[in-house]
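For the sequence shown, this note's numbering assigns the number 25 to the initial residue and increments by one for each residue that follows. The beta-carbon is built from N, C-alpha and C at its ideal position, and this holds for glycine as well. Scroll down for the structure; my scribbles are underneath it.
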Amino acid sequence: MIFPGFLYLFGPHGASRKKAVAFLLAFAIMSMLAGASFAATLTDRDYRYLAEEYGLKRDGPFLQNLGEDEKNQLHAVINDPEFSDVPKSRDANVADVLFRMEIRTCNGRPKGPGEVCSLEPGTPLGERVADLHCISCHLTGTMEARSFYKMSRDGIWDEKRLAAALASGHQMSPITLSPEELKQLAIYISSLSK
Ligand code: HEC
Numbered sequence: 025m026i027f028p029g030f031l032y033l034f035g036p037h038g039a040s041r042k043k044a045v046a047f048l049l050a051f052a053i054m055s056m057l058a059g060a061s062f063a064a065t066l067t068d069r070d071y072r073y074l075a076e077e078y079g080l081k082r083d084g085p086f087l088q089n090l091g092e093d094e095k096n097q098l099h100a101v102i103n104d105p106e107f108s109d110v111p112k113s114r115d116a117n118v119a120d121v122l123f124r125m126e127i128r129t130c131n132g133r134p135k136g137p138g139e140v141c142s143l144e145p146g147t148p149l150g151e152r153v154a155d156l157h158c159i160s161c162h163l164t165g166t167m168e169a170r171s172f173y174k175m176s177r178d179g180i181w182d183e184k185r186l187a188a189a190l191a192s193g194h195q196m197s198p199i200t201l202s203p204e205e206l207k208q209l210a211i212y213i214s215s216l217s218k
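Here is the structure:
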C-alpha cells in the first residue's frame, strides 16, 4: 500500500506538503509505538515471577492462551516503575489484571459473548467448592486475601484449619461447608503447589 502522505509530499501545494509531513511524522511515531509494545512482551523474568507468585506455568493453558496485547499489558504491570519499590502493591495490581483475564476465559479458551462458564464435567468437588465460594478473592489473590496457590505453599491448610478460618474472623464469615466439602477443598488447595 502507498501511504497517502507520499502523494501529498510530491504534490504541488505548500499547504498539502505541510500536511503530508505531519502525516508522515504521525505515521513514523505510530510505527515506533507499535514496535515498542511488540518488543515488551513477557520476558523470561516475567515468566519466572508468574510461576513463582501465581503458579502459572509458561507452557500452561492460561499463559499459552493469552493474546499478544494481554501479554504486553501483563508485562507492563509486572514492571511498572511506579511500583518497583512497593512489591505488595505491584503484586496486587498483577493479581487484579490476571483475575480480569482469567474471568474472560472458560476452561482455558476465550469465553463467547454472554457465555456463562460452567466447570467441565468431572471437575473434583474441592475445585467446584472453591469455584463457587472462594475464587473471587483467592484465585489470584487481592491486596488482603492471599491466593490459594500461595496458601498451598504453606502446607498447613487441612480441613480443620480451613473450618476454623471460615468460622470466624474471616471476611466472609461465617461460610459453612459440609465436612466432605471442607475435606475436598483442603485436598484441592494443597494440590495447587504440587
Ligand atoms: C470476599 C472475598 C473472600 C472470599 C469470597 C473468600 N475469602 Fe478467604 N479471605 C479473604 C480475606 C480478605 C482474607 C484475609 C483476611 C481475613 O482473614 O479476613 C481471607 C483469608 C482466608 C484464610 C486465612 C489465610 C491465612 O493466610 O491466614 C483462609 C484459610 C481462607 N480465607 C479461606 C477461604 C475459603 C476456603 C473460601 C471459600 C469457601 C474463602 N476464603 C472465600 C477474602 C475472601
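Per the DSSP calculation, residue i is bridged to which residue(s)?
i, result
"R114", "DSSP lists no partner for R114."
By DSSP, does residue i sit in helix, in strand, or in coil?
i, result
"G59", "With a pLDDT of 47 at G59, under the threshold of 50, the modelled position of that residue is not reliable, and no figure is offered here."
"R152", "helix"
"P145", "coil"
"C130", "strand"
"L206", "helix"
"Q195", "coil"
"L186", "helix"
"I9", "Within the shown structure, residues of the chain are numbered from 25 to 218, placing residue 9 beyond reach of any answer."
"K135", "coil"
"L90", "coil"
"R82", "coil"
"N103", "coil"
"V140", "coil"
"D70", "helix"
"E76", "helix"
"S215", "helix"
"D109", "coil"
"S176", "helix"
If I'm right that residue i touches residue j with Cβ under 8 Å, what's the distance once you round it to whole angstroms?
i, j, result
"E183", "L149", "That pair is no contact at about 13 Å."
"S214", "G79", "With 8 Å as the limit, S214 and G79 do not qualify as a contact, their Cβ atoms being about 13 Å apart."
"V153", "L201", "6 Å"
"L5", "L74", "Within the shown structure, residues of the chain are numbered from 25 to 218, placing residue 5 beyond reach of any answer."
"Y212", "E151", "5 Å"
"K135", "R128", "6 Å"
Which residues in the same chain as residue i place their Cβ atom closer than 7 Å to its Cβ, once the five residues preceding and following it in sequence are excluded?
i, result
"R185", "none"
"C161", "A169"
"L66", "K95, L98, H99"
"H6", "In the structure as shown, the chain begins at 25 and stops at 218. Residue 6 is therefore absent and cannot be evaluated."
"E92", "T65"
"S176", "I213, S214, L216, S217"
"A187", "L206"
"H194", "none"
Leaving aside the five residues before and after residue i along the sequence, list all residues of the same chain whose C-beta is less than 8 Å from its C-beta, in chain order.
i, result
"A119", "Y78, T164, G165, T166, S171"
"R114", "V101, I102, D104, F107, S108"
"S192", "P198"
I'd like the list of long-range same chain contacts for residue i, defined as Cβ closer than 6 Å, with 5 residues on each side in sequence excluded.
i, result
"V101", "N117, V118, V121"
"A190", "One point to set straight first is that residue 190 is Leu, not Ala, in the sequence displayed. Hits under 6 Å: I199."
"N131", "E144"
"R82", "Y71"
"P85", "G132"
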